[in-house]
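> Pasting in a structure now, in structure tokens, and then I'll have a few things to ask.
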């Protein structure tokens with residue numbers, strides 16, 4: 001028995017951009033995943049009447065017009081997403097996602113904007129356990145090259161292929177699909193961690209594998225290890241970027257980037 005066989009809550013958001021301090025949640029999904037199946041809850045926000053940039057719409061397929069016509073008030077969506085996370089933490093369900101530090105930090109900013117408080121005021125962050133498939137994948141398979149000039153080695157589509165998971169491009173990049181795929185990747189990585197190396201299918205794994213380093217960990221130990229791994233991975237990426245940009249900074253705080261300001265504007 002290992003953490004990957006226990007129930008978990010998969011999380012994903014789609015947003016208006018990439019800057020967690022300014023962008024808005026467009027859609028969100030949480031999926032309760034267990035041996036009995038997957039139970040999704042999804043939200044579409046009206047983004048407070050904000051514009052959804054064309055480049056963001058091109059990724060998740062949600063236009064400004066659609067969000068305004070069919071989305072619910074952003075405050076209500078934020079409150080319900082935060083409540084879902086609080087309920088999960090209260091019963092010990094870990095939160096799983098791909099690069100989930102982005103999603104949790106974005107939800108924190110939306111909570112500050114609409115509810116007047118951050119995630120740390122809504123739930124006990126020290127009790128929250130997180131499984132981040134991007135952090136785990138980069139650790140267990142540290143030397144994987146880009147598969148194409150436009151597709152990075154740690155994108156969810158790439159990670160899914162590496163672990164032999166089918167990818168539906170038409171459904172992809174929606175919050176529900178991406179949350180479920182992250183849960184499936186987490187299960188696959190967990191299975192490979194506990195599998196003896198000689199039994200492990202090689203497919204795209206290659207020579208450089210570090211699955212054994214995470215073997216036998218419970219969810220508390222795995223969470224703690226990811227805090228360290230995320231910091232180390234960010235430091236390595238920052239060093240790489242500084243070869244061309246001496247001022248480059250990569251934030252390695254995980255699983256939530258603390259809010260540094262005094263207020264988030266509506």
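Residue numbers (UniProt numbering): 1 to 266.
For each residue, glycine too, the CB sits at the ideal point set by N, CA and C.
1) Do residue 180 and the ligand FAD come close, with the Cβ less than 7 Å from some heavy atom?
2) Which residue marks the beginning of the beta strand (DSSP E) containing residue 29, and which one marks its end?
3) For the beta strand (DSSP E) that residue 131 lies in, which residues bound it at each end?
4) Starting from residue 120, trace the alpha helix (DSSP H) in both directions and tell me its first and last residue.
5) Comparing C-alpha positions only, which one of 98, 143, 113 and 190 sits nearest to residue 176?
6) Could you have a look at residue 69 and say whether DSSP puts it in helix, strand or coil?
7) Is residue 16 helix, strand or coil when you go by DSSP?
8) What does a CB cutoff of less than 7 Å around residue 274 pick up in its chain, not counting 5 residues either side in sequence?
9) How big is the Cα-Cα spacing for residue 92 and residue 129?
10) Of the choices 22, 35 and 12, whose alpha-carbon is the least far from that of residue 6?
11) To which residues of the same chain is residue 108 closer than 7 Å at the C-beta, ignoring the five residues directly before and after it?
12) Compute the Euclidean distance between the alpha carbons of residue 26 and residue 139, then round it to the nearest angstrom.
13) Since residue 165 contacts residue 188 with CB under 8 Å, what's their CB separation in whole angstroms?
14) Check residue 45 in the structure and name its three-state DSSP category.
15) Quick check on the burial criterion: 16 or more other C-beta atoms within 10 angstroms. Buried or exposed for residue 28?
16) Can you name the residues that DSSP bridges to residue 40?
17) Helix, strand or coil, according to DSSP, for residue 157 in the structure here?
18) Out of curiosity, what's the CA-to-CA distance linking residue 242 and residue 249?
19) Can you give me the C-alpha to C-alpha distance between residue 199 and residue 229, rounded to a whole angstrom?
20) Helix, strand or coil for residue 162, going by three-state DSSP, please let me know.
21) Rounded to the nearest angstrom, what separates residue 220 and residue 63 at their Cα positions?
22) Where does residue 115 sit, in a helix, a strand or coil, going by DSSP?
23) So, are the CB atoms of residue 33 and residue 10 less than 8 Å apart?
24) Which of the three DSSP states is assigned to residue 10 in this structure?
25) Which of the three DSSP states, helix, strand or coil, is assigned to residue 193?
26) Quick check on this structure: which residue in 131, 15 and 19 has the alpha carbon closest to the alpha carbon of residue 8?
27) Following the continuous alpha helix (DSSP H) through residue 219, name the residue where it begins and the one where it ends.
28) Let's see if you can read the secondary structure: which residues bound the beta strand (DSSP E) around residue 96?
Taking the definition as stated:
1) Of the ligands one can find in the structure shown there are none, so the ligand FAD has no counterpart to examine.
2) 25-34
3) Note, residue 131: beta strand (DSSP E), 130-132.
4) Element bounds for residue 120: 119-122.
5) 98
6) helix
7) coil
8) Outside the displayed range of the chain (1 to 266) lies residue 274, so it cannot be described from this structure.
9) 8 Å
10) 35
11) Contacts found: 118, 119, 256 and 259.
12) Approximately 31 Å, taken between the alpha carbons.
13) 7 Å
14) strand
15) buried
16) 31
17) helix
18) 8 Å
19) 26 Å
20) When DSSP states are grouped into helix, strand and coil, residue 162 belongs to the helix group.
21) Each residue's Cα considered, the two are about 40 Å apart.
22) Residue 115: coil per DSSP, three-state reduction.
23) yes
24) strand
25) helix
26) Cα-wise, what sits closest to residue 8 is 131.
27) Element bounds for residue 219: 219-241.
28) Looking at the DSSP string, the run of the beta strand (DSSP E) that includes residue 96 is 95-97.
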